[in-house]
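Following: one structure in structure tokens, then a few remarks.
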Amino acid sequence: MSSVTVFGLCAAAAVGLGLYGLITNPQPLRKIIAFNLLGSGVFLLFGIIGRRGAAAGFGNDPVPQALVITGVVVAFSATALAIALLLRLFQTAGSTTLRSGAPTGAGPDPSGD
Amino acid sequence: MLLHPTALEAATTTGGFLLVLSIVVPVSGVLLAFVLGDRYVRLVAFAVVPLGLAIAAATLAILPQSDGPLVYLLGAWPPPLGVALRGDGLSAVMLATTALVISAIAVFATTDFCPAAAETRAPFAFWVLLLAIWGALNTIFIGGDLFTLYVALELLTFAAVPLVSLDGRAETLRAALRYLIFALLGSVLYLLGTALLYGLYGTLDIVLLSRRVSAEAAALVAAALMTTGLLAKTALFPLHLWLPPAHAGAPAAASAILSGLVVKGSFFIIIRLWFNVMPALPGFAATQLLATMGTAAIVFGSVVALWQERLKLLIAYSTLAQIGYLFLMFPLAFDASGRLESDEALAGGLLQAVSHATAKAAMFMAVGSIYVALGHDRITELRGIARARPMSLLAFALGGIALMGVPPSGASLAKDLLLQAAEESGQWWWAVVLQAGGMFTAAYVVLVLAHALAGSDVSIAVTGPASRNQDLAALALALCSLLLGLVPWDPYLPVPFGTAPKVFGIESLSKLLLPVLGGAVLAILLSPWPHPLASSTTWKALASAARPLRRAGIEFGRLVERSDDVLRQWPMAGISLLVVALLLAALMLAAN
Amino acid sequence: MSLARDMMTIVAVSAGAFFFLAGTVGLLRFPNTLTRLHALTKADNLGLGLVVLGLLPQAGSLRGGLKLISIWLLGLLAGATVSQLIARTARQGGPAP
Amino acid sequence: MSIATVFEIVLAAVVLGLAIWTIAVPETYSATVGFVAYGLLVALIWVRLDAVDVALTEAAIGGGLGGVLLLGAAARLRNADPTAVETPCKLVRLCAAALSSLIAAALVAAILLLPDPAPTLAPAAVAKAWATGLANPVTNVLMAFRAMDTMLEKVVLLLAIVGVWSLASDPAWGGRPGPRHEADPHGVLAFLARLLPSVGIVVGIYIFWTGADHPGGAFQGGAILASMWLLVVMAGLTDTPPVSSRRLRFILVAGPGLFLVVGIGGLCLGPAFLAYPLALAKPLILGIEVAMILTIAATLGLLLAGAPERSEQR
Amino acid sequence: MTEFLTAAVGFILAMLALGLVSILRGPGDADRMMAAQLIGTAGIAVLLLLGTIAGVPAAIDVALTLALLATFASIAFVKKGLSRFEADGAGSTEDK
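Chains as they are written, first to last, in our numbering: chain B, 2 to 114; chain C, 117 to 708; chain D, 562 to 658; chain Y, 272 to 585; chain H, 109 to 204.
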């Protein structure tokens, strides 16, 4: 087993776990953490792809590395925005549930014609 | 005029700088507006609007003279190391549409988001975000690199989410958070696919990739993941949990941007991915899956729209249905060679997107004015609005009619093209859906108009002032959508010569009547609301005859609404997302 | 010369590893928060310090060596501050020692 | 199996264990702590993968600022755990687990099927390094070859700020973000907040400066500066600036702004947008990076501070 | 030499994993914070050793960053913990 395989498995598992947490955990903060986990799995995937492309005296292809750095910044800003929204929601509504307060119109008595 | 894998554009073409400008100008606007703040934000926006319009117009003018797409190599670095911007016919059309819609929205928003002498929150955020959305969309339309598209997509999301919660009510905050998290999930999946593609082919440049891709398992997994992520951002049924509350809760101008433009960004990347990067990969079954989801979106979106109490939610659900309509192009583009190549379908789909962008933005603006006038937007209490706000209602009606596919609207031309593609590829079932889609659209438009026009002699108390600017902006966009069919598209889109619709004549009359009548029937059958004409005697006679049918319709509607409720629960939507990804991957694998 | 350096590395790093062991065992076995804190801070500072000491001969350059030492100093500073804060917290809010 | 592989497997197992803990533990605060530890350890993996630039970023974000952000939120949401009733039923969770593992399995298959030899752009990046005069290929990619992405990413950061600020209540607009921190001026925290930043600023600038030729760069340096600034704020030694401050706004757009100006310069005078003239490439890039490190430090700090809460006049 | 260092890394990593168990156990937040502190320190040690093994001198920079930011994170951590106890009315703390 090469390091690429070991960490490749790790990356895939992080993606799977992140997806599971994002879907099943009702707490928005936990969803945000799961999103970060998912993201870190994707970045690791870039990492092993770069590692496979080691050449020209570099142990890791610089292009995926640059993409990951950009991605990390974007993911961090996303986390910050999501958390600000969440805190504001908690402040305004007193709860953090994401369940919609039934925005669809509950139809009136349909038999009336 | 479309991106083609055979021609390597290794150098910047003349006029390529226009592509750079179309990104740089709005982005500079964002920075400038942010620094200046105060009352200057709107001023900066209004300085950028004419510039942006001019750039879009120049791109439209210069593209036919160029013998291929416009290309610009950023920093003069050729791909794969560098990043190229490419503008083909599709880009030019979308750039122009965006410029048009944003300008109209800017005019519409002048009064709502009027900055005061001391800086206030909402106007500051609105104008900065409006410019940011413009820059992000332009980057999406001309970006030549999948990762650049990712950054642009995130830019778009970051600009769109705060617009949803601009008024700071708890439910809009909740809608914004749902939107943000689900959109982030979508973009992570997209990024995952991007990583795999880089690992496979060592480039993310669209043209280079299109030459290198082959039907490998890993490439198909990547395609499935990327498509699913983009579908989540486009809110194709059943991944639409975030759309109705977000689009209905935002202020009118913001809703117009979100519904008209923002969802088109991720949709455009799907087109790039399927038509430009890997036309041979998806295969027949995957395109059928996309269109099936589209069909479900049309049915669910339209039926649930008919069940809405509030006008803004009705339009939000209508957006859901219209998004579904866009995805009918994929199977129709599939030709005998096993590639996504049919020009009619591509042109039809894009035209539909353009018509929807203009019409839906107009409708949201019109509803915004109606809301101001009435102080509410309950559909059953619209009577009298026709007298109080004739212009707003006219804009709404024209937008609705344009969406139905009545000539000479863009939607009508799009429908003709798609029908033609359906005929050529022998997929008659999508022709049925196309016709039904028009009727469904007509159903909720007719419903609203019936309520609004009923008892137009009643005069009502109006709570807010009318704004001529707002009505004009909405009306202009609606008219634009209605007349899109008359535009000579052939320099930009592969519209076969001679498909321009005849405005008058028996044929166009039938095209007007068919959806309207069908829509009226559907509205009567499916809508649970007591009808404004219900007291008339003819109506009573009709109603008693159709009672069993109507009851069945109501039951069907209730069933659809309930299942929509279930599907919009977070865990269900998440599971749907994974199922869609796996299904797409499996179908693509099976096809290759 | 190289042998002597390597020997020093081996001895110091082994000792460092031992202190990490001690800290972890303390963290797991000691009965209450304050005693655990006591175990941890010892292990922390000494363990890292010894590892740094062991790596100094391998550092190769003066700058590398300086960086190593400053890492250790930072660790010390952080450990001292944070453990003091933790101790206060634990005394006021946590279970009685 | 070599000892290195054993080590890698142990590392991967620990990281995965933390990931599972983060997802599975019922209490949110514990999950957050688990994720911070996870972020620290992922930095180790990045070093192991020979991607030190990313390891630096991950250490700064995953273990540092991101951790603080999440922990702060977890602490403020302590009393908001009434969502247990919303936990989906077992069947749904089982479905989600099965589907997620299928996706992970597909990913594993895709990873194992990646071609050998792998495609790479490393030689191309090295071959073109003459154009910038910088020896760190990652910096070259970020600042030259893919400069557009980097510039847009800075705009993303700016939009995040706009988004966070837009959540303020109307009266608080223009005020200072975050709560006012007060601490004992002679306490431990204040002591540390006086001592650590001087070290931190040196380290931050060093990381930034070395980024031209070795791993490092503006983002990593900026993150360190931001954390030092926040430390001082937390100790109550200084306060966050009001968001209406023109100077603050200027700092926040300095990075992308200068990038844009240099880019337009290339469009008007040079060969292309975002192209650097050969003789000036290195100073120009460093200049942009200096502006960027300021912007990044301010942006990251303010993103952590949150929406404006305290109005200016009081 | 490399073998020895790799073994040492493995050992410290194993200790780190055991420290994780103590995060799992808790019971209090103070213990979790300590465990996190331990992980930070052990992580830095592992990084330094790793850098020496692989001949990546820049790993020291990563360790330096980690040392600075882990300190910062722990302080934020403790500070949040403190404000919580404060909210519980458990008496005055570092925060006033």
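Glycine is no exception: its CB is placed at the ideal position from the N, C-alpha and C atoms.
When you compare the CB of residue 570 of chain D with every CB in chain H, is at least one pair closer than 9 Å? yes
ask   = For a contact meaning CB atoms closer than 7 Å, what does residue 160 of chain H contact in chain D?
value = Simply 616 and 619.
inquiry  = Once the 5 residues before and after residue 52 of chain B are set aside, which same chain residues still bring their CB inside 6 Å of it?
reply    = 5 and 61
Q.
With a threshold of 8 Å on Cβ separation, who are the neighbours of residue 110 of chain H within its own chain once the five nearest residues in sequence on each side are excluded?
A. 161
Check your understanding: Does DSSP put residue 660 of chain C in a helix, a strand or coil?
Key -> helix
Handout entry: Chain-ordered neighbours of residue 281 of chain C on chain Y, where CB pairs are closer than 8 Å
Key = 437 and 438
Whole-angstrom distance between residue 298 of chain C and residue 254 of chain C, CA atom to CA atom: 23 Å
Closer than 7 Å, Cβ to Cβ, to anything on chain C: give me those residues from the segment 408-433 of chain Y, in chain order. 415, 416, 417, 418, 419, 420, 423, 424, 426, 427, 429, 430, 431 and 433
Check your understanding: For a contact meaning CB atoms closer than 7 Å, what does residue 40 of chain B contact in chain Y?
Key -> The premise fails here: residue 40 of chain B is roughly 10 Å from chain Y at the closest Cβ pair, so nothing lies under 7 Å.
Which of helix, strand or coil does DSSP assign to residue 608 of chain C? coil
Using a beta-carbon distance cut-off of less than 9 Å, what residues from the segment 322-354 of chain Y approach chain C?
none
Chain D contact for residue 129 of chain H (CB, 9 Å cutoff):
So, interface residue.
task: For residue 459 of chain Y, return the contacting residues in chain D, with the cut-off set at a CB-CB distance below 8 Å.
output: 642, 645 and 646
>> Looking at chain H, is there any beta carbon in it that lies within less than 9 Å of the beta carbon of residue 567 of chain Y?
In response: Cβ-Cβ to chain H under 9 Å: no for residue 567 of chain Y.
(message) Counting only beta-carbon separations shorter than 9 Å, does residue 343 of chain C have a partner in chain Y?
(response) With 9 Å as the cut-off, residue 343 of chain C does not count as an interface residue toward chain Y.
Notebook entry, point to check: By the 10 Å Cβ neighbour count, where 16 or more other Cβ atoms means buried, how is residue 78 of chain B classified, buried or exposed?
Noted result: buried
Would you list the one or two residues that DSSP bridges to residue 426 of chain C?
C:494
Unbroken alpha helix (DSSP H) runs of length 4 or more, entirely within the segment 426-510 of chain Y: which are they? Within the segment 426-510 of chain Y, the complete alpha helix (DSSP H) runs of at least 4 residues are 459-481 and 489-505.
field: residue 158 of chain C: first and last residue of the uninterrupted beta strand (DSSP E) it sits in
entry: Counting along the chain, residue 158 of chain C falls outside any beta strand (DSSP E), though it belongs to the alpha helix (DSSP H) covering 156-178.
Subject >> Limits of the unbroken alpha helix (DSSP H) element including residue 365 of chain C >> reply: 359-365
What does DSSP give as the partner residue(s) for residue 203 of chain C in the beta ladder?
C:186
Next item on the list: Report, in whole angstroms, the separation of the C-beta atoms of residue 677 of chain C and residue 415 of chain C, which I expect to be a contact under 8 Å.
Entry: That pair is no contact at about 12 Å.
Q) What do you reckon, are the CB atoms on residue 179 of chain H and residue 635 of chain D nearer than 9 Å? A) yes
Worksheet item: Hey, residue 534 of chain Y and residue 567 of chain Y are a contact pair by Cβ (cut 8 Å); roughly how many whole angstroms apart?
Response: In this structure, residue 534 of chain Y and residue 567 of chain Y do not form a Cβ contact; the two beta carbons are roughly 18 Å apart against a cut-off of 8 Å.
Check the DSSP bridge columns for residue 456 of chain C and list the partner residues they point to. BP columns for residue 456 of chain C point to C:450.
* Relative to the C-alpha of residue 382 of chain C, which residue among C:475, C:262, C:324 and C:498 is closest? -> Considering only C:475, C:262, C:324 and C:498, the residue with the shortest C-alpha distance to residue 382 of chain C is C:262.
Per DSSP, what are the beta-bridge partners of residue 56 of chain B in this structure? DSSP, once it has assigned bridges, lists B:59 as partnering residue 56 of chain B.
Could you check whether the Cβ of residue 490 of chain Y sits closer than 9 Å to any Cβ belonging to chain B? yes
Where the alpha helix (DSSP H) through residue 505 of chain C begins and ends:
Looking at the DSSP string, residue 505 of chain C is not in any alpha helix (DSSP H), and its letter there is neither H nor E.
For the beta strand (DSSP E) holding residue 581 of chain Y, just list the boundary residues, first then last. 579-581
Query raised in the report: I think residue 309 of chain Y touches residue 345 of chain Y, with their Cβ atoms under 8 Å apart; what is that distance to the nearest whole Å?
Result: That belief does not hold up - the Cβ atoms of residue 309 of chain Y and residue 345 of chain Y are roughly 15 Å apart, past 8 Å.
Tell me which same chain residues have a C-beta within less than 7 Å of the C-beta of residue 235 of chain C, skipping the five on either side of it? 153 and 154
*asked:* Using C-beta distances below 7 Å, list every residue in its chain close to residue 338 of chain C, excluding the 5 sequence neighbours before and after it, in chain order.
replied: 309, 312 and 313
**Q.** Cross-chain neighbours of residue 319 of chain Y in chain B, by beta carbon under 8 Å
**A.** 4 and 8
Practice task
Output, in chain order, the set of chain H residues within a Cβ distance shorter than 7 Å of residue 525 of chain D.
Solution key: For chain D, the structure presents residues 562 to 658; residue 525 of chain D sits outside this window and is missing.
Does the beta-carbon of residue 158 of chain C have 16 or more other beta-carbons within 10 angstroms, so that it is buried, or is it exposed?
buried
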